[in-house]
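As structure tokens, the structure follows; a few thoughts come after it.
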Amino acid sequence: MQLTQKQTFLKPADVPAVKQPLPDREMTSLVSYPVRGPWGDASYRGNCDGTLFRDLIRRYRPRRVADPMMGSGTTKDVIAELNRCENSCIEYWGSDLRMGFDVVAEPLPGPFDLVWVHPPYWNIIRYSDDAADLSTCETFDEFIGTLFLALRQCYDAVFPGGRMAVLMGDVRRNRCYYPIAREVMNMAGPLGELRSVIIKAQHNCRSDHVTYASMEDVPIQHEYCLIFKKNIMLRQAA
Ligand SMILES: C[S@@+](CC[C@H](N)C(=O)[O-])C[C@H]1O[C@@H](n2cnc3c(N)ncnc32)[C@H](O)[C@@H]1O
């Protein structure tokens, strides 16, 4: 496959082999990674640390992985490191609207064993003025509708038996709480079977420097990683 500006392909052959394995980690439904890993670009707003993604890769052992909203490239860096240091042989495809790929309008070049999706948390960070950018949706309903189309496109690219992991946070705006994660959980069915809900503590957010003492509501300091599985349909004997 070719490396184009619009997307990033990573084949195991692209990376030099073998250093030493990274320490393993027992994962539960509650995770917290106070120390940032070296992947991606911390200055890219909304960038996530790659440790949860790395732990999911170690757990599910996918051979082909995609990230259609790769932002600064955190997942690409994690896969490159795993291929280099843990003798993995994982193929990676990643892209983003900033590279010209609109996940709502274009199919992913699947099938993949794992599709990682880290969408904008509605308008909490505005990534661009492009009308296709999920962060530009005017209303909550419009955002949820567009998010569903994006996730459906991602799910279509999952191989039967494979998974889609959606990293998502809720939003509070003008004292209104918008439970985005609940909306995504309710999309189970068209997005496959909801198999795990992981609560991830948020660290190093810009809002960490805001004083909330006078605020009535409890500050949000967690996000969700929702794991959907595409079950293998067994054909019934005629
Ligand atoms: C939360 S950020 C992802 C950050 C990334 N995980 C990282 O570690 O850098 C969300 C990304 O979604 C992208 N995006 C928004 N609308 C999109 C669309 N319609 N198609 C593809 N990407 C989109 C934005 O450009 C942004 O990079």
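For the sequence shown, position 17 matches number 23 in the working numbering, and the numbering has no gaps at all.
Heads up, the beta-carbon is just placed ideally off N, CA and C, and yes, glycines get one too.
Measuring straight from C-alpha to C-alpha, what distance separates G106 and M76? 12 angstroms
Does the segment 142 to 155 come close enough to the segment 198 to 208 to have 3 or more Cβ pairs within less than 8 angstroms? no
Anyone know if the C-beta pair for L120 and V71 falls short of 8 angstroms? yes
Hey, quick one: how far does the alpha helix (DSSP H) through I63 stretch, first residue to last? 57 to 66
Going by beta carbon distance, what residues of the same chain come within less than 6 angstroms of Y39, once the five residues before and after it are set aside? D55, T57
Could you work out which residue in C160, I186, L36, P126 is closest to V109 when comparing CA atoms only? C160
Under the three-state reduction of DSSP, which class applies to R84: helix, strand or coil? Before going on, a small fix: residue 84 reads as Val here, not Arg. Note: V84 maps to helix in three-state DSSP.
State buried or exposed for Q13, treating a residue as buried only when at least 16 other CB atoms are found within 10 Å of its CB. buried
Using the rule of at least 16 other Cβ atoms within 10 Å of the residue's Cβ for burial, across every protein chain shown, is I85 buried or exposed? buried
Can you tell me which of the three DSSP states P225 falls into? coil
Whose C-beta lies closer than 6 angstroms to the C-beta of G43 among residues of the same chain, with five residues either side of it excluded? D55, G56, T57
Which same chain residues, not among the five before or five after E229, have their C-beta less than 7 angstroms away from its C-beta? L173, M174, G175, K206, Q208
Buried versus exposed, by CB contacts within 10 Å (16 or more), M193: buried
From G100, R64, E222, residue whose alpha carbon lies closest to that of N93: R64
Helix, strand or coil: how does DSSP classify P27 here? With a pLDDT of 42 at P27, under the threshold of 50, the predicted position of this residue should be treated as unreliable, though the coordinate-derived value follows. Note: P27 maps to coil in three-state DSSP.
Identity of the residue in V177, P74, A187 nearest I130 by Cα: V177
What's the gap between the Cα of S49 and the Cα of V41? 15 angstroms
Regarding L103 and ligand 1, is the C-beta to nearest heavy atom distance less than 7 angstroms? yes
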